[in-house]
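Since the structure comes first, as structure tokens, the remarks are kept for the end.
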Amino acid sequence: MTRIRRLVLDVLKPHHPSTIELAGKLSGVDGVTGVNIGLYEVDQRTENIKITIEGDNIEYEVVKQEIEKLGAVIHSIDEVAAGSLLVEEVETLQDR
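This note's numbering applies: residue 771 is where the sequence shown begins, and numbers increase by one.
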């Protein structure tokens, strides 16, 4: 089984529950050691957020269930890091 160490998710959520409540719920999931949520867009009914989750062995399906329980939906998985250590992204000439 692959050890997931970082997930970056693009998520659409209703205004309630708050991002604070969502972060609290996700930080309590087994294998999760940290959660960061950034707000990118707000409209009358929803918020577009980016969730970064780090941990020792993150189970995507459990994270997805917690997000969906709170009325949110994952648009995309924007980044995944797996293995025994986190590999930081390096800027290349193509990135400039």
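We treat Cβ as the ideally placed atom computed from N, Cα and C, and that holds for glycine. Since we're looking at a predicted model, the values are computed, not measured.
{"Item": "Coil, strand or helix - G841 by DSSP", "Value": "coil"}
{"Item": "Opening and closing residue of the alpha helix (DSSP H) in which L796 lies", "Value": "789 to 797"}
{"Item": "The stretch 832 to 846 / the stretch 794 to 809 touching (three or more Cβ pairs under 8 Å)", "Value": "yes"}
{"Item": "Sub-8 Å separation of G749 and E824 beta-carbons", "Value": "Here the chain comprises residues numbered 771 to 866, so residue 749 is not present and cannot be evaluated."}
{"Item": "Residue range of the beta strand (DSSP E) that includes V802", "Value": "802 to 812"}
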